[in-house]
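Have a look at the structure below before the remarks.
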Amino acid sequence: MQSQKSFAAHDTGTLYLVPTPIGNLEDMTMRSVHILQQVTLIAAEDTRNTQKLLNHFDIQTKQISFHEHNTQERIPQLLAYLQKGDDLAQLSDAGMPSISDPGQELVAAAIKADIPVVPLPGASAGVTALIASGLVPQPFYFYGFLNRKKSQQVEELTALNQHQETMIFYEAPHRLVKTLQAMADVFGADRQVVLARELTKKFEEFLRGSLAEVLTYFKEQAPRGEFVVLVAGNAHPVVAADPYAALNNHDYVAALVETGQPAKAAIKQVAKQRGVPKQQVYQDYHGF
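Residue numbering for the sequence shown is 1 to 288, as defined by the UniProt record's numbering.
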């Protein structure tokens with residue numbers, strides 16, 4: 001077990017995970033600005049993009065690139081800074097680090113090295129879109145980007161089809177129509193969907209309707225901007241058939257015991273599943 005007291009004295013530096021605005025720069029928190037001013041180094045997904053943010057808030061802190069293509073090279077370098085006592089901030093281009101963006105590997109490495117990891121709250125495109133979607137907000141299932149290959153995408157969607165909670169995906173404009181078509185094929189054209197684009201920006205837009213309706217819409221208008229795709233959960237999931245339905249209580253318990261389950265636990269499970277008293281299942285199993 002490891003215990004982290006984020007703001008106690010440490011022999012190492014601290015890794016701060018700093019969210020950035022998903023569009024409107026005014027969504028940057030005062031605390032995030034202060035952290036970026038105070039740390040020794042900023043590990044940024046795209047230093048050119050981050051520089052615009054730093055310029056806006058007059059932040060002079062030095063940057064180093066940290067993205068999916070140089071993760072293994074950069075992590076030892078960043079850990080060396082932290083281990084000698086320097087504080088670092090890690091940023092993705094927009095939103096929360098590690099959520100469909102770089103960061104998870106660095107966090108894991110820092111934790112393994114007993115370096116404190118401090119998250120800052122801030123913007124997240126998926127949750128921002130969810131609360132204005134009109135779909136059931138909780139529980140929800142965040143998935144992020146689907147696989148780009150159609151066959152694997154269909155496989156992923158098929159596995160997700162029985163989810164009853166609202167599902168959240170991210171998609172690029174040039175792949176949006178193909179993804180929506182795959183969703184219609186797997187989920188059904190009547191499944192309700194909400195598309196959110198340009199969140200927090202001047203041209204923020206929400207499209208609400210069935211998968212069939214939004215597909216028709218995009219036949220006449222090309223998608224523009226990055227999209228959050230929210231899909232209503234399956235209101236009528238298929239319940240798997242009970243493989244032991246034809247067995248009596250004795251044989252049902254015996255079958256579970258053969259799989260390695262203790263008799264006491266098996267009796268409890270059968271009673272709960274069939275809605276009968278445990279004492280009855282106990283007597284049936286033991287032949288009383």
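Ideal Cβ positions, reconstructed from N, Cα and C, are used throughout, including at glycine.
Values in this document were obtained by computation on a predicted structure and should not be read as measured data.
On the premise that residue j lies in contact with residue i, defined as a C-beta separation below 8 Å, what is that separation, rounded to the nearest angstrom?
| i | j | result |
| --- | --- | --- |
| Thr166 | Gly23 | Between Gly23 and Thr166 the Cβ distance is about 22 Å, and since that is not below 8 Å, they are no contact. |
| Gly95 | Pro19 | 6 Å |
| Gln131 | Pro137 | The sequence shown places Ile at residue 131, not Gln. With 8 Å as the limit, Ile131 and Pro137 qualify as a contact, their Cβ atoms being about 6 Å apart. |
| Pro102 | His67 | 6 Å |
| Leu25 | Leu54 | Actually they do not touch by this definition, with Cβ atoms about 11 Å apart. |
| Pro243 | Gln162 | 18 Å between Cβ atoms; not a contact. |
Pick helix, strand or coil for residue i, following the three-state DSSP scheme.
| i | result |
| --- | --- |
| Ser151 | helix |
| Ala172 | coil |
| Gly95 | strand |
| Val136 | coil |
| Gln279 | helix |
| Lys272 | helix |
| Asp101 | coil |
| Ala123 | coil |
| residue 297 | The structure shown does not extend to residue 297, since the chain spans only 1 to 288, so no value can be given for it. |
Which residues in the same chain have their Cβ closer than 8 Å to the Cβ of residue i, if we skip the five residues on either side of it in sequence?
| i | result |
| --- | --- |
| Leu82 | Thr12, Gly13, Thr14, Leu15, Leu88, Ala110, Ala113, Ile115 |
| Asn49 | Asp93 |
| Arg148 | Arg175 |
| Ser210 | Ala189, Asp190, Arg191, Gln192, Val193 |
Which same chain residues end up closer than 7 Å to residue i when comparing Cβ atoms and leaving out the 5 residues on each side of it in sequence?
| i | result |
| --- | --- |
| Asp27 | Pro21, Ala123, Thr200 |
| Ala172 | Glu226 |
| Tyr282 | Ile267 |
Give me whichever residues DSSP pairs with residue i in a beta bridge.
| i | result |
| --- | --- |
| Gly144 | Phe169 |
| residue 310 | Only positions 1 to 288 of the chain appear in the structure, and residue 310 is not among them; the question remains open. |
| Tyr16 | Ala89, Val118 |
To which residues of the same chain is residue i closer than 6 Å at the C-beta, ignoring the five residues directly before and after it?
| i | result |
| --- | --- |
| Ile59 | Leu36, Gln37 |
What residue ranges within the region 178 to 250 form continuous alpha helix (DSSP H) runs of no fewer than 4 residues, ordered along the chain? Those alpha helix (DSSP H) runs which fall completely within the region 178 to 250 and span 4+ residues are 211 to 220.
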